[in-house]
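Below you'll find the structure, written out as structure tokens, and then a few comments.
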Amino acid sequence: MKETPGSIHEGGELGYSLSHAYGAAYDNPDLIVACVIGDGEAETGPLATAWHSNKFINPITDGAVLPILHLNGYKIANPTILSRISHEEIEDLFKGYGYTPYFVEGSDPDSMHQAMAATVEQCVEDIRNIQQEARSSGTAKRPRWPMIVLRSPKGWTGPQEVDGHKVEGFWRSHQVPMGGMHQNPEHLQLLEEWMRSYEPEKLFDANGSLIPELKELPPTGERRMSANPIANGGLVRKALIMPNFRDYAVKVDKPGTTEEENTKHLGYLLRDIMLKNTQNFRVFCPDETSSNRLQAVYEASKKVWMGEYFPEDEDGGELAPTGRVMEMLSEHTLEGWLEGYLLSGRHGFFSSYEAFVHVIDSMFNQHAKWLRTCKELSWRAPISSLNLLITSTVWRQDHNGFSHQDPGFIDVATNKSPEVVRIYLPPDVNCLLSVADHCLRSQNYINVIVSDKQKHLQYLSMEEAIKHCSKGIGIWEWASNDDCGVEADEPDVIMAACGDVPTMESLAATAILREEFPKLKVRFINVVDLYKLMPESEHPHGLSDTDFDTLFTPDKPVIFNFHGYPWLIHKLTYRRTNQHRIRVRGYKEIGNINTPLELAIENQIDRFNLVIDVIDRVPKLRSAAAYVKERMKNAIIEHQNYAFEHGMDKPEIINWKWPY
Ligand SMILES: Cc1ncc(C[n+]2csc(CCOP(=O)(O)OP(=O)(O)O)c2C)c(N)n1
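The opening residue of the sequence shown carries number 1 in the working numbering; numbering runs sequentially from there.
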């Protein structure tokens with residue numbers, strides 16, 4: 001449907017029609033979005049939860065959605081649940097969801113057309129009355145919005161029977177009611193009768209053109225469904241007014257010595273974006289905006305809430321009918337709203353717990369496919385990128401444990417077209433701000449930003465962060481000791497890191513290496529833009545082989561400490577020179593309610609295991625470094641035992657700072 005003018009909804013993967021419709025209606029006060037929902041689609045999880053979207057519509061500032069539930073009784077090969085429950089149950093169900101259901105039922109085309117027209121008119125009138133009342137009184141209450149339940153036969157007006165099997169009004173009419181036109185004259189005959197039943201001679205003239213009376217029926221200009229600018233959102237999109245992200249910088253005098261909650265500072269930036277863009281920017285999150293430390297946004301706008309209010313909500317509830325922060329515990333509905341909001345020309349920001357962003361894997365896939373195809377449609381104006389912050393990450397699940405540890409969304413993301421997907425893992429506040437600024441200004445991408453919410457060490461000043469993030473990957477000179485001055489130097493080992501916690505562990509390992517082996521030349525590389533690792537032929541961000549070999553050398557061991565599952569780095573770098581020398585550490589699906597260091601040790605991304613990796617891979621160390629290796633093994637046991645006994649890491653770990 002991307003290729004269909006007037007559409008913002010693909011519909012290949014069923015489930016998202018209603019949330020897309022609501023996304024288009026928010027902040028579009030004059031718009032009524034009619035949304036036809038199959039009774040099969042209505043059985044999907046995403047659709048079932050999207051009925052609640054009506055509780056987030058403010059009749060003063062938003063438009064309206066008119067859901068039309070089409071009970072045609074069947075899916076591909078089964079009856080639908082909603083068509084086989086009583087009229088009363090259906091009515092109760094949708095009343096329960098806060099709608100007023102109107103029923104249009106039957107199979108006689110002429111009277112059904114009349115009934116449908118009259119019912120749509122009634123619904124539009126209801127909607128206008130609700131809006132009028134709210135807008136003239138200035139009081140936004142939650143009304144009962146109308147909806148239509150349309151019951152008509154599946155395969156309506158198609159062949160009654162094919163080969164003795166019932167077709168019209170049964171699942172056999174799904175998609176291809178009969179085949180074999182070339183071999184089966186009876187089917188061909190049936191097809192002809194069926195087509196002739198529409199009396200084409202009354203609709204078209206001798207040249208095959210529509211007769212004038214019919215041509216006059218459709219509206220003209222932008223009133224044509226195909227020319228509705230809202231369904232080509234880029235046409236009505238206004239650029240976001242952005243504050244200067246540099247103003248939100250944290251001070252970093254010496255790298256790796258101060259700590260901040262990274263996402264908290266992003267919250268300040270989002271708050272001010274919200275203040276500057278009061279009608280076309282929303283923040284979406286399934287109940288975790290505060291948990292994700294983005295709560296500063298509430299200073300600019302509350303959470304939209306049209307339901308009942310209790311007195312205690314005053315105490316930190318942050319609810320308001322005029323709110324622009326969208327929170328509902330349904331990743332599906334939020335993602336659907338955001339897609340609808342973006343596709344109709346606005347901007348948004350979605351944050352989610354890392355482990356549960358998988359809930360929308362498939363929606364991400366579909367949106368990426370949509371964007372990819374749109375690149376080839378010159379008439380589709382660019383829309384705002386879908387910005388996804390993945391936080392509460394795997395490495396800091398100090399209380400939740402294993403269920404909350406899953407960094408695999410980025411694996412899913414890397415399967416999609418390089419033209420539309422970007423993945424960033426900023427290691428500190430200033431990098432996160434720089435990345436977020438870039439993402440919020442961009443168009444036609446899905447930007448995935450991975451950044452934890454707990455306190456983390458800060459490494460780069462804002463000016464350094466801007467350079468680092470613009471390059472996407474770079475040597476951290478202050479952490480390296482391979483450049484000894486006058487002559488060009490080759491390192492003995494490359495310590496590479498991507499992600500906040502792995503970066504800290506890699507740095508801690510580097511510090512141990514520099515202390516234990518002062519002559520060992522270590523180069524420290526940090527990766528923010530994951531796609532830098534891919535060859536430039538495969539991704540527009542990919543480093544050239546020359547640049548890759550300059551950074552990583554063509555042959556020296558690389559110990560790569562990664563935020564996610566380790567095989568993703570192998571996948572991205574498999575074509576690089578001597579890729580077998582790249583040793584990747586990452587999450588190996590081992591976890592519990594661990595201390596941060598304990599979890600790192602379990603998965604071998606910790607400083608001690610990294611030092612052992614270096615000893616094993618740098619030829620001049622190996623057995624010569626036997627004593628250090630022993631000390632590292634002892635340290636692992638000691639720290640594990642301490643964590644088990646005390647439920648926390650040793651103070652020297654908790655308070656570790658970059659020592660050089
Ligand atoms: C998420 C998803 N699961 C399965 C399918 C396969 N599928 C295509 S059409 C269909 C039945 C749809 O029934 P309904 O929504 O009632 O539409 P109808 O064809 O009756 O108008 C199914 C299961 C799909 N497209 N999307």
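Glycine residues also receive a C-beta, built at the ideal position from the N, C-alpha and C atoms.
Cβ-heavy atom distance, residue i to ligand 1, below 6 angstroms
i	result
residue 75	yes
residue 71	no
residue 39	yes
residue 105	no
residue 299	no
residue 18	no
residue 14	yes
residue 154	yes
Per DSSP, the bridge partner or partners of residue i
i	result
residue 34	66
residue 504	DSSP, once it has assigned bridges, lists no residue as partnering residue 504.
residue 597	DSSP output for residue 597 lists no bridge partner at all.
residue 105	151
residue 529	424
residue 353	391
residue 282	348
residue 583	559
residue 99	145
residue 475	525
residue 605	Answer by DSSP bridge pairing: none, since residue 605 is not bridged.
residue 319	303
residue 204	210
residue 79	74
residue 449	389 and 424
residue 494	523 and 558
residue 661	Here the chain covers residues 1 to 660 and nothing more, so residue 661 does not appear.
residue 161	166
residue 325	283 and 303
residue 275	Paired residue(s): none; residue 275 is not in a bridge.
Close Cβ partners of residue i (< 8 angstroms) along its chain, the five nearest in sequence each way excluded
i	result
residue 166	160 and 172
residue 601	608, 609, 636, 639 and 640
residue 331	286, 352, 356, 357, 359 and 360
residue 372	416, 417, 419 and 420
residue 259	455, 456, 457 and 458
residue 28	62, 63, 230 and 344
residue 263	292, 293, 294, 351, 389, 391, 432, 451, 452 and 453
Own chain partners of residue i with C-beta closer than 7 angstroms, once the 5 adjacent residues on each side are dropped
i	result
residue 241	276 and 277
residue 558	494, 496, 552, 581, 582 and 583
residue 598	640 and 643
residue 267	293, 294, 295, 296 and 297
residue 188	181
residue 443	382, 383, 384 and 385
residue 399	593
residue 305	319, 320, 321 and 323
Own chain, CB closer than 6 angstroms to residue i, minus 5 neighbours either side, in chain order
i	result
residue 116	104
residue 473	527 and 532
residue 650	642
Decide if the region 422–433 is in contact with the region 491–505; the criterion is three or more beta carbon pairs, one per stretch, under 8 angstroms apart. yes
Could you tell me whether the region 349–369 touches the region 306–320, where touching means 3 or more Cβ pairs closer than 8 angstroms? No, because fewer than three Cβ pairs between the region 349–369 and the region 306–320 fall closer than 8 angstroms, the two stretches do not touch.
Stretch-stretch touch, CB-based, cutoff 8 angstroms, three pairs: the region 281–295 with the region 457–464: The region 281–295, when compared against the region 457–464, does not touch it at the 8 angstroms Cβ threshold.
Stretch pair the region 502–519 + the region 537–553: three plus CB contacts closer than 8 angstroms: no
Do the region 559–568 and the region 466–473 make contact, defined as three or more Cβ pairs closer than 8 angstroms? No: the two stretches stay apart, fewer than three of their Cβ pairs being nearer than 8 angstroms.
contact_flag[the region 37–53, the region 367–380] where n(CB pairs < 8 angstroms) is 3 or more: no
Cβ contact (3+ pairs, closer than 8 angstroms) linking the region 91–101 and the region 135–146: Counting C-beta pairs with one atom in each stretch, the region 91–101 and the region 135–146 have three or more that are closer than 8 angstroms, which means they touch.
At a cut of 8 angstroms, does the region 209–228 reach the region 2–14 through at least three beta carbon pairs? yes
Taking 8 angstroms as the threshold, find out whether the region 476–491 comes into contact with the region 399–411 through three or more Cβ pairs. no
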